[in-house]
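Counted the way numbering that gives the first Met the number 0 counts, the sequence shown spans residues 0 to 291.
Note that the Cβ used here is the ideal one computed from N, Cα and C, for glycine as well.
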Amino acid sequence: MNKRELSASVAGDVSLGGEISVHRLGFGAMRLTGEGVWGPPKDRNGALAVLRRAVELDVNFIDTADSYGPHVSEELIAEALFPYPANLVIATKGGWNRPGPNQWTHDATPAHLRKAVEGSLKRLRLDRIDVYQLHIPDPVVSFEASVETLAQLRNEGKIRLVALSNVTQEHIERARKIVPIVSVQNRYSFADREWDYVVAYCERNAIAFIPWFPLGAGKVGGDVLNRIAQAHHASPPQVALAWLLRRSPMMLPIPGTSLIEHLEQNVAAASICLTKEEYQELSGVPELVATR
């Protein structure tokens with residue numbers, strides 16, 4: 000790979016609700032936990048080093064959740080980075096319970112969300128969370144009740160900005176009647192475009208779109224991806240990230256890793272400039288049949 004500029008700032012900036020501006024290449028902190036997104040990492044010092052290196056590389060948006068660990072990811076972020084740099088935005092989420100490794104159960108009741116926010120504030124050592132996301136709508140709890148709770152916490156000064164995750168356009172529209180929504184986080188990649196219409200909606204309404212599993216291309220489009228990667232002296236995952244950055248000015252990828260080398264490769268992807276033909280060729284790859 001040719002030497003590329005290692006700075007998340009190369010990706011440009013995106014506004015969150017017109018209040019906060021962050022570089023368009025963030026860091027997802029889920030993978031810093033143990034196997035099954037459960038318990039502490041095998042290499043705690045390594046996890047802390049990755050977080051510190053991310054900030055050195057001008058990453059100023061870190062995405063986490065109280066359910067990652069649970070609690071472990073938030074605790075690691077505070078241990079590694081507190082006191083935080085002035086421009087660092089930490090976005091966290093609530094709405095899941097964690098019975099065990101790889102187990103997730105819904106709980107977006109108002110009582111649970113209040114408890115979740117208070118817990119995140121304590122673990123992250125914050126007086127106010129810059130971006131708080133409803134992790135997923137709860138099928139047995141009123142969506143409006145969940146969002147109204149976050150709106151109340153915003154009014155109380157515990158949350159600055161409210162966001163959503165794993166939602167449809169209808170959810171976003173319903174939520175915006177209650178409180179401004181600054182970002183939406185759904186599964187998305189060049190070969191997994193189920194939520195294309197949500198990306199388009201977010202772009203029209205100046206809402207940041209945060210793709211999770213942004214490198215989830217798998218074997219789909221492998222030949223095309225490999226050929227384009229070779230042309231840029233890059234890796235296929237770097238090209239997949241470059242495609243996302245070109246897809247929309249509201250796109251904010253958050254690739255995660257537990258390795259510094261991998262982190263640096265992800266950040267270097269911001270300097271890859273795909274041609275119009277390369278972008279269109281990747282966009283034409285048949286979509287992955289997504290599984291959860």
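- Assignment of alpha helix (DSSP H) within the region 157-195, counting only whole runs of 4 or more residues, yields 168-175 in chain order.
- With a beta-carbon spacing of about 16 Å, E34 and P98 fall beyond the 8 Å limit used to define contacts.
- Look at the beta carbons and you see the region 128-139 touching the region 173-188: at least three pairs across the two are nearer than 8 Å.
- Closest option to F189, judged by alpha-carbon separation, among G16, R52, S282: S282.
- For G93, the enclosing beta strand (DSSP E) covers residues 88-93.
- According to DSSP, W37 shares a beta bridge with G68.
- Counting the other CB atoms within 10 Å of its CB gives Q264 a total of 16 or more, which places it among the buried residues.
- Each of P84, L125, Y67, E73 was checked against the Cα of T104, and the nearest Cα belongs to Y67.
- Judged by DSSP secondary structure, F142 falls within the alpha helix (DSSP H) whose first and last residues are 142-154.
- For P236, the three-state secondary structure derived from DSSP is helix.
- Taking one beta carbon from each stretch, the region 113-122 and the region 43-59 have fewer than 3 pairs nearer than 8 Å; the two do not touch.
- Sixteen is the threshold: since fewer than 16 other Cβ atoms of the shown chains lie within 10 Å of the Cβ of Q229, the residue is exposed.
- A contact between stretches requires three or more CB pairs, one per stretch, nearer than 8 Å, and the region 159-179 fails this requirement with the region 21-41.
- Runs of the beta strand (DSSP E) lying entirely within the region 74-129 and spanning at least 3 residues, in chain order: 88-93.
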